[in-house]
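Report on the structure given below.
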Amino acid sequence: MLQVIEGQGRGAAPPPLNAALAARWLEAFLRDEICERRSIGRAVVGLSGGVDSAVTAFLCARALGPENVHAIRMPYAASSPSSLTDARSVVEALGIAERTIEITAAVDGYLQFEPDADARRRGNVMARVRMLVLFDQSAKLDALPVGTGNKTERLLGYFTWHADDTPPVNPLGDLFKTQVWELARYLGVPQALVDKAPSADLEADQTDEGDLGITYARADAILAQLLVGYSDAQLIERGFAADDVRLVRRRVEGTHWKRHLPTTAMLTNTAINEFYLRPVDF
Amino acid sequence: MEPLGSAGSGACPFDVAVVQTKPRKGRYRENLDALCEVFAQIGERPTDLVVLPEAALTGYFLEGAVYELALAADNFAADLARAWCGVNGGRAVDIACGFYENFEGTYYNSAVYLRVEGTAAHVLHVHRKLFLPTYGVFDEERFLSRGRRLQTFETRLGRTAMLICEDIWHSIVPTVAAVKGARLLIVPSAAPGRGVESGDELASVVRWRSILQSTAAEHGVYIVYAGLAGFEGGKGMTGSSCVIDPWGGIVVAAPLLGAFVLRAQIDPREIDLARATLPLLGDLRAVLPDLLLDEELPIPRGGRDAAGH
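Chains A and B, in that order, give the protein sequences. Just so we're aligned, residue 43 is where the first sequence starts under this note's numbering, counting upward by one. Just so we're aligned, residue -7 is where the second sequence starts under this note's numbering, counting upward by one.
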């Protein structure tokens, strides 16, 4: 009898990452985009206490030097105190400048006229106020706002349009959440941030995975193969649960609009981005 | 013309410099000025051939701006010759460089090979990219026309062919070039990097190197690969310029990030040795007609006219 060696399929594991290689690539990206192309040399990062913004701050510090990175903590009254503590641990680990700007008064200043606003609307208002603060601080500090959104939340539409996705450069937008965790471990992000359950931190005990109805590990494994072009039937054949596949597909296909600029009516032969085509860095 | 690197015994080694450029998008004159400094650096030691990447002085992703920056081949060659002569006087050199070409209102992704003598630029060949990637992140054929011919051409360094980027991914293209006598393949390229899942290098860089090394070893040719560097709107060009010998070995290679000058000696005698040791090209010459005349191949038998060309 000969020994039989079985070929291994792609399986249902989330996509791996060579974190060292990715870090080196992203540092070069940040230097090129911020220093060389825009001649700015400084970055401002909104630190939430979560792993995405922590990884972004670590990358910026490595790319630009910690003296050129400004962290802004923007808590709302209902934010978890542990978020502030976790954000502080990133600041201390990197030795970067930090400022805490409470957004409660600004958020409540508007929401007092909308007392019936539900959690989703309140969360969107907070996200948009945070972006207002971040951009104003960028003008004050002469520093470029750097985005922190990852590929999973972009694909699932789990972000506030024209808020979280607004900064002009984003190093993590093509990395799945599970890959961001890998990168965090490699970069030495404080362990508490890597281990804790991701949360938008709008309500007590809220978690991303609870909101989404699927774990990031399962979602990323499905997304990685769905984007290549595998059908739902093929994904189920590969071992994914049908309910998970349907959930991910529905979220991706229902949120294309959030990954684009606003839809503009075309009337001429010179419509911007339709006929008048110039790359962003031209 | 006295050949330095022609086939057979007595061919002389020659020196090549590969310039891995990191241009500022769309700033042709500024990038040309920067190239003068690089030319001055190269001129400190004699060199016979300077090779630059695809879209070396404009950046690659130009979209509609390609029409503003495309140049006639003669004008582009004259700019390169002026840049060389401005810092190196009348020292002769050959230069190969990728650029966007405006040929009487038709636009191509091209590479020019010129001989600079005195202050004159003699254009020996212009290759127009055959395979215009138009999928995924690429959109070349929306703005450019395809080249339709693959020609080899004689230089004082030996018979040469230029293949631009995707051209060499189709193994038939370097095969045809080698069968037509090319001993040196010049490959200007602009390759956006991707693939960080596993391995120590970007998957796209590994794939590129595999193609270059297997192509060189299969046909017994030198390959000079000049890769564009720098990020363009989030897409990082992977540099990784290199010179591959006819055994498939790496003579010299640049990192994937940043601007560099590579220098190497190309010894045409290695080609003869490699081909004698592994005579795949000779074998192919014998069998190629049988392969191409196979009636099952979807090739119009009435020549180019029958194909609508």
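Even glycine gets a Cβ: it sits at the ideal position worked out from N, Cα and C.
Review point. According to DSSP, is H211 (chain B) helix, strand or coil?
Key: DSSP places H211 (chain B) in helix when its eight states are reduced to three.
Check your understanding: Can you give the beta carbon distance from A174 (chain B) to A153 (chain B), rounded, assuming they're within the 8 Å contact cut?
Key -> Yes, A174 (chain B) and A153 (chain B) are in contact; Cβ-Cβ is about 4 Å, under 8 Å.
Review point. What is the residue span of the alpha helix (DSSP H) that F135 (chain B) lies within?
Key: Run containing F135 (chain B): E132 to F135, per the alpha helix (DSSP H) assignment.
Point to revise | Residues that DSSP places opposite C89 (chain B) in a beta bridge | key: Paired residues: B:V104.
Practice item. Note down, one range per segment and in chain order, each beta strand (DSSP E) of at least 3 residues found wholly within the region 83 to 111 of chain A. Key: Note on the region 83 to 111 of chain A: whole beta strand (DSSP E) runs with a minimum of 3 residues are 85 to 88, in chain order.
**Study point:** Contacts around C77 (chain A), its chain only, beta-carbon distance under 6 Å, and the 5 residues preceding and following it disregarded
**Key:** These residues qualify, in order along the chain: G83.
Point to revise | N- and C-terminal bounds of the beta strand (DSSP E) containing V10 (chain B) | key: Run containing V10 (chain B): F6 to Q12, per the beta strand (DSSP E) assignment.
Point to revise | 6 Å CB neighbourhood of S(-2) (chain B) in its chain, flanking five on each side removed | key: Per-residue confidence for S(-2) (chain B) stands at a pLDDT of 47, beneath the threshold of 50, marking its modelled position as unreliable; the derived number appears in the next sentence. Cβ neighbours of S(-2) (chain B) beyond the five flanking positions: G150.
Check your understanding: Which residue spans inside the region 153 to 239 of chain B form an unbroken beta strand (DSSP E) run of at least 3?
Key -> You should have 176 to 181, 214 to 219, 221 to 224, 227 to 230 and 234 to 236.
Exercise for review: On the DSSP bridge assignment, give the partners of L186 (chain A) in chain order.
Suggested key: Paired residue(s): A:A85.
Check your understanding: Based on the DSSP secondary-structure assignment, which residues constitute the bridge partners of E140 (chain A)?
Key -> In the DSSP output, where bridge partners are listed per residue, E140 (chain A) has A:A113.
Review point. At a CB-CB cut-off below 9 Å, which residues of chain A make contact with D192 (chain B)?
Key: Going along chain A in sequence order, the residues near D192 (chain B) (Cβ under 9 Å) are N60, A62 and L63.
Practice item. Quick one: which residues of the region 75 to 97 of chain A get their C-beta closer than 9 Å to a C-beta of chain E? List them in chain order. Key: In the structure shown, chain E does not exist; the protein chains are A and B.
**Study point:** Whether V231 (chain A) touches A96 (chain A) by CB criterion (7 Å)
**Key:** Taking 7 Å as the Cβ cut-off, V231 (chain A) and A96 (chain A) qualify as a contacting pair.
**Study point:** CB contact below 7 Å: D206 (chain A) versus chain B
**Key:** Interface annotation, D206 (chain A): not in contact with chain B, CB-CB separation never under 7 Å.
Review point. Beta carbon of L254 (chain B), beta carbon of V10 (chain B): below 7 Å?
Key: In this structure, V10 (chain B) lies closer than 7 Å to L254 (chain B) by Cβ.
Exercise for review: Could you tell me which residues DSSP pairs with L41 (chain B) in its beta bridges?
Suggested key: For L41 (chain B), which the question treats as bridged, DSSP gives the partners B:V8 and B:D86.
Check your understanding: Quick one: what's G150 (chain B) bridged to in DSSP?
Key -> Bridge partners of G150 (chain B): B:T147.
Exercise for review: Would you tell me roughly how many angstroms separate the C-alpha atoms of D160 (chain A) and T202 (chain A), rounded to the nearest one?
Suggested key: One C-alpha to the other measures close to 15 Å.
Review point. Who are F252 (chain B)'s beta bridge partners in DSSP?
Key: According to DSSP, which records beta bridges pairwise, F252 (chain B) is partnered with B:Q12.
Review point. Given K300 (chain A), which residues of its chain have a CB within under 6 Å of its CB, disregarding the five upstream and five downstream residues?
Key: The beta carbon of K300 (chain A) lies closer than 6 Å to those of G199 and W203 in the same chain, with the five residues before and after it left out.
Practice item. On the DSSP bridge assignment, give the partners of L254 (chain A) in chain order. Key: Answer is none; L254 (chain A) lacks a bridge partner.
Exercise for review: Please classify N67 (chain B): does DSSP put it in a helix, a strand, or coil?
Suggested key: Helix.
Review point. According to the neighbour-count rule (16 or more other Cβ atoms, all chains shown, within 10 Å of its Cβ), is K121 (chain B) buried or exposed?
Key: K121 (chain B) should be labelled buried.
Review point. Using a Cβ cut-off of 9 Å, which residues of the region 53 to 85 of chain B contact any Cβ in chain A, in chain order?
Key: Cβ contacts with chain A: F53, L54, E55, G56 and A57.
Practice item. Could you tell me the distance, in whole angstroms, from the CA atom of F53 (chain B) to the CA atom of N94 (chain B)? Key: Inter-residue distance for F53 (chain B) and N94 (chain B) is about 17 Å (C-alpha atoms, whole angstroms).
Review point. Is DSSP giving I34 (chain B) helix, strand or coil here?
Key: DSSP places I34 (chain B) in helix when its eight states are reduced to three.
**Study point:** Cβ-based burial, F155 (chain A) [other Cβ within 10 Å; buried from 16]
**Key:** Result: exposed.
Check your understanding: Anyone know if the C-beta pair for D86 (chain B) and Q257 (chain B) falls short of 7 Å?
Key -> Not in contact: D86 (chain B) and Q257 (chain B) (Cβ atoms no closer than 7 Å).
**Study point:** Neighbour flag for A263 (chain A) against chain B, beta carbons, 7 Å
**Key:** Chain B contact via Cβ: absent.
Exercise for review: Inspect the beta-carbon positions of V30 (chain B) and V216 (chain B) and report whether they are closer than 7 Å.
Suggested key: Their beta carbons are not under 7 Å apart, which means V30 (chain B) does not touch V216 (chain B) by this criterion.
Practice item. Determine the chain B residues that contact V322 (chain A) at a beta-carbon separation under 7 Å, and present them in chain order. Key: Ordered by position in chain B, the residues that pass the 7 Å Cβ test against V322 (chain A) are G225.
**Study point:** L61 (chain B) vs Y100 (chain B) beta-carbon contact at 7 Å
**Key:** Contact flag unset, no.
Exercise for review: Would you kindly check if the distance between the Cβ of F71 (chain A) and the Cβ of G223 (chain B) is under 7 Å?
Suggested key: Checking the sequence, you will find Phe at residue 223 (chain B) rather than Gly. Going by C-beta atoms, F223 (chain B) is nearer than 7 Å to F71 (chain A).
Practice item. Kindly identify the DSSP beta-bridge partner or partners of R120 (chain B). Key: Note: R120 (chain B) sits in a beta bridge opposite B:S102.
Check your understanding: E316 (chain A) by DSSP, collapsed to three states: which one?
Key -> DSSP places E316 (chain A) in coil when its eight states are reduced to three.
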